[in-house]
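Novice: Let me begin by handing over the structure; questions about it come next.
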Amino acid sequence: MAGHSKWANIQHRKGRQDEKRGKVWTKLIREITVAAKMGGADLHNNPRLRLAIDKAKDANMPNDNVQRAILKGTGALEGVSYEEIRYEAYGPHGVALIIDSLTDNKTRTVAEVRHALSKNGGNLGTDGCVSYLFKHCGVLMFSPTVPENELLEAALEAGAEDVLMHDDLSKEVLTSAVDFSPIRDKLTKLGYLPEFAEVTMRAENEIELRGEQSTSMQKLLDALENLDDIQSVYSNASLNE
3 MAGHSKWANI QHRKGRQDEK RGKVWTKLIR EITVAAKMGG ADLHNNPRLR
53 LAIDKAKDAN MPNDNVQRAI LKGTGALEGV SYEEIRYEAY GPHGVALIID
103 SLTDNKTRTV AEVRHALSKN GGNLGTDGCV SYLFKHCGVL MFSPTVPENE
153 LLEAALEAGA EDVLMHDDLS KEVLTSAVDF SPIRDKLTKL GYLPEFAEVT
203 MRAENEIELR GEQSTSMQKL LDALENLDDI QSVYSNASLN E
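3 is the number of the first residue of the sequence shown in our numbering; add one for each residue after it.
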């Protein structure tokens, strides 16, 4: 067993993402464009593009938007050229941050990231300063009502690396980044529908924040996620009211 309020954290995060749906679409279009540019339009040979399109479907993005983004990425339509940049940083209360961006202007992006951090008690770090605290992997979260033993058996048989049972009875299935999609598809076909599923940078150990500390950390996360050039923000903070 592990974790304190993992399920509450996941529900809170989903709610905030829903509130930012318009911005989510913009970020997904960039991700689809870059994925298509780097690996081509064939979904079978481009797992990054397949994941991005899956996220777009989950966000109810119209297929026309998806196809235009792919065409821009492959060069069939004119579009902006984006560069991937990862920043490592520290937040308040000793929290570690990984900030992924897709930008057409590195100078603007780093200035905006630095400003958001300094305004909210954080600061930029050097390459490698916090990345060792995270693991690149697939995560599938299941509700407390999903039967524990059945899910454990199905997940391990499907090829999952681990299944974590949390104190609040939620279940977390961990996969390699490469195997995430086929394992998710296998579990879905068996009737195990994850409430939350993504390839992410998962913190190996979390710092639990409560009250004002949690509020201040959420303010920083919001400031970073609201930046147009930022795709994803990962932290090792567990936020509690």
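For glycine and all other residues, C-beta sits at the position ideal for the given N, C-alpha and C. The structure displayed is predicted, hence computed values, not measured ones.
Check E227 in the structure and name its three-state DSSP category.
Specialist: Correct three-state label for E227: helix.
Novice: Taking 9 Å as the CB-CB limit, is G140 close to chain D?
Specialist: Within the model displayed, chain D is absent; a lone protein chain is all it includes.
Novice: Going by beta carbon distance, what residues of the same chain come within less than 7 Å of S133, once the five residues before and after it are set aside?
Specialist: Excluding sequence neighbours, S133 sits near E90 and I100.
Novice: Alpha carbon to alpha carbon, how far is L104 from Q233?
Specialist: Going from the Cα of L104 to the Cα of Q233 covers about 7 Å.
Novice: Measuring alpha carbon to alpha carbon, tell me which of E86, E114, R52 and H95 ends up nearest D106.
Specialist: When each option's Cα is compared against that of D106, the closest is E86.
Novice: Could you check what DSSP says for E174 in three-state terms: helix, strand or coil?
Specialist: It is a strand residue.
Novice: Kindly identify the DSSP beta-bridge partner or partners of Y89.
Specialist: I101.
Novice: Give the single residue among D102, G77, T111 and M167 whose Cα lies nearest to the Cα of H258.
Specialist: As shown, the chain starts at 3 and ends at 243. That puts residue 258 outside it, with no answer to give.
Novice: Once DSSP output is grouped into helix, strand and coil, what is the label at M3?
Specialist: For M3, the predicted model reports a pLDDT of 38, less than 50, meaning its position is unreliable; a value from the coordinates is still stated below. Coil.
Novice: Taking the straight line between their C-alpha atoms, what separation do you get for L30 and F136?
Specialist: Going from the Cα of L30 to the Cα of F136 covers about 23 Å.
Novice: Alpha carbon to alpha carbon, what distance is there between V82 and R110?
Specialist: Cα-Cα distance, rounded: 16 Å.
Novice: If I follow the unbroken alpha helix (DSSP H) through S183, where does it start and stop?
Specialist: Taken as a continuous stretch (DSSP letters only), the alpha helix (DSSP H) holding S183 covers F182 to K191.
Novice: To which residues of the same chain is N228 closer than 6 Å at the C-beta, ignoring the five residues directly before and after it?
Specialist: Once the five neighbours on either side are set aside, N228 has no close Cβ partner at all.
Novice: Within the same chain, show all residues whose beta-carbon is closer than 7 Å to that of E150, passing over the 5 residues directly before and after it, in chain order.
Specialist: Result list for E150: M167 and K173, in chain order.
Novice: How far does the beta strand (DSSP E) with E210 in it reach, from first residue to last?
Specialist: Unbroken beta strand (DSSP E) run through E210: I209 to R212.
Novice: Where does T35 land, buried or exposed, given buried means 16+ other C-beta within 10 angstroms?
Specialist: The residue in question, T35, is buried, as its Cβ has 16 or more Cβ neighbours within 10 Å.
Novice: Check this for me: beta carbons of V175 and D164, under 9 Å apart or not?
Specialist: Contact flag set, yes.
Novice: Closest to G77 by CA distance: which of A38, D44 and K59 is it?
Specialist: The candidate whose alpha carbon is nearest that of G77 is A38.
Novice: On the three-state DSSP scale, how would you describe Y134?
Specialist: In this structure, Y134 counts as helix in the three-state DSSP scheme.
Novice: Would the region 58 to 75 and the region 203 to 214 be scored as touching if the rule is three or more Cβ pairs under 8 Å?
Specialist: No: fewer than three Cβ pairs fall under 8 Å.
Novice: Check S252 in the structure and name its three-state DSSP category.
Specialist: Shown here, the chain extends from 3 to 243; a query on residue 252 therefore has no answer.
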